């Protein structure tokens, strides 16, 4: 018995020493990684598809986004950030080349930088040429092959799965029973599946990102890692636990279901949502609005959890002291306002995006009201990394704002999509649509006094001076690319 106790004690001691040795090695390894990276400025850029600012950090009381909210407390939150094109392919091509969209380039979701602007360099390409190790995981450019060889130090790791991947057997059975129709090829528009985060494509993207960070932490080169998540893009497929955070009672339909008063005929929304099955719901019924809102918010909570895992990994690897995190979306999203869904409108709901930047040289826990646009990301990151951007990029670096959020960056922004061109000055958004006959339709909203864009005021006499100024500035931008931002 005594011998057994001695043997047991010796075994326990050996185990304890082994555990201590492992812990010590892990600590040494992390310290070595930090030492290797100490003089380098790394960047992790997280791109979230179709996300409007429905985040706790932006004051949305229905949101459950604790991880992104914590990230906001560690950096600067841009309350008035805007996309340059309210559609994914064109927006990403514009942002990643730093070039504005025109009538000839960055038109729609099929846009590719290498075709629209041959010879243009992407942001990761410039960093790669500056000595950075560049990696992309998930949806970065809309199409994985866009500037792929030039941009990445190793092949882009796409999720390899379509937007509409379904895991719930009920959803798959629904497709079998309700045969696909030509105008509805994508299956149900939401899914609640009792599965793990990693069972969906975005969860797999997160796993790949964690592995990539472990590799990059040991790399002697500084790195640029871009991680692209699909949700909350349709369909609103998310693990059940995130739906459980959002009971239906939280989501009454939007109060203004009709078009804005005096709306131009060309104000229309994307029909993307109509390519999905609506199960037993009537499109744009009260129940449909509630189910759609719930699905969107659940999808956002799902992505928030994945973002949290990525940020925690950066901390665990000892990279926080020299890694800047940029979190943003490619465009906004209509959530039933005026019975509009998804994107493609020149409304604030489809144009305004979340943008949060956190890092060692950036102000902590600050918000800024200054205007910024996605093309500003390119020069911001090249200044942060001491890289040389191409001379023809149109954006302006945000570094002064990141250090002092009270600094004014821009007073005018520009966005466009197909027939519509918009200028935004913070309080007003003015849009000019080109009709098939070459004439113009206009709309203007006062975002301060009418934040839900219910009344087109462009013809009201008291707003005539403002409309005239914005029209002139927008015309100059459209005709000469003289897009003055001050």
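Residue numbers (mature numbering (1 follows the signal peptide of the UniProt record, and there is no 0)): -26 to -1, 1 to 460.
Each residue gets a CB set at the ideal place from its N, CA and C atoms; glycine is no exception.
Note that the structure is predicted; figures quoted are calculated from it, not measured.
Outcome for residue i when other beta-carbon atoms lying within 10 angstroms are tallied against a minimum of 16
i, result
"residue 453", "exposed"
"residue 47", "exposed"
"residue 226", "exposed"
"residue 68", "buried"
"residue 212", "buried"
"residue 58", "buried"
"residue 293", "buried"
"residue 335", "exposed"
"residue 105", "exposed"
"residue 115", "buried"
"residue 200", "buried"
"residue 460", "exposed"
"residue 259", "exposed"
"residue 284", "buried"
"residue 381", "exposed"
Nearest residue (CA-CA) to residue i, options the options
i, options, result
"residue 224", "269, 399, 276", "269"
"residue 435", "108, 264, 446, 418", "418"
"residue 137", "162, 253, 92, 207", "207"
"residue 35", "271, 22, 63, 125", "271"
"residue 321", "234, 144, 286", "234"
"residue 407", "165, 257, 332, 319", "319"
"residue 317", "177, 378, 304", "304"
"residue 443", "105, 399, 150", "399"
"residue 340", "43, 90, 168", "43"
"residue 50", "15, 289, 300", "300"
"residue 73", "375, 405, 366", "366"
"residue 430", "80, 232, 168, 130", "232"
"residue 181", "449, 87, 279, 91", "279"
"residue 76", "245, 392, 219", "392"
"residue 266", "312, 164, 251", "164"
"residue 389", "257, 21, 327, 237", "327"
"residue 209", "161, 372, 241", "161"
"residue 78", "89, 183, 348", "89"
"residue 96", "351, 446, 374, 373", "351"
Strand pairing of residue i, partner residues [DSSP]
i, result
"residue 197", "107"
"residue 176", "None, per the DSSP bridge assignment."
"residue 288", "BP columns for residue 288 are empty, so no partner."
"residue 213", "167"
"residue 143", "Residue 143 pairs with nothing; no bridge assigned."
"residue 397", "388, 404"
"residue 314", "None; residue 314 has no bridge partner."
"residue 203", "22"
"residue 429", "235"
"residue 303", "22"
"residue 414", "408"
Under the three-state DSSP convention, the category residue i falls into
i, result
"residue 341", "strand"
"residue 308", "strand"
"residue 263", "helix"
"residue 296", "helix"
"residue 51", "strand"
"residue 1", "For residue 1, the predicted structure reports a pLDDT of 43, less than 50, and the residue's modelled location is therefore unreliable. The matter cannot be settled from this model."
"residue 69", "helix"
"residue 273", "helix"
"residue 448", "helix"
"residue 162", "strand"
"residue 424", "coil"
"residue -13", "With a pLDDT of 43 at residue -13, under the threshold of 50, the modelled position of this residue cannot be trusted, and the question is left open."
"residue 255", "coil"
"residue 458", "coil"
Whole alpha helix (DSSP H) elements within the region 324 to 393, 4-residue minimum: 351 to 358, 373 to 377
Runs of 4 residues minimum, wholly inside the region 18 to 47: which ones carry the alpha helix (DSSP H) assignment? Taken in chain order, the whole alpha helix (DSSP H) runs of length 4 or more contained in the region 18 to 47 are 40 to 47.
Mind listing, in chain order, the continuous beta strand (DSSP E) runs of no fewer than 3 residues lying wholly within the region 76 to 130? 107 to 112
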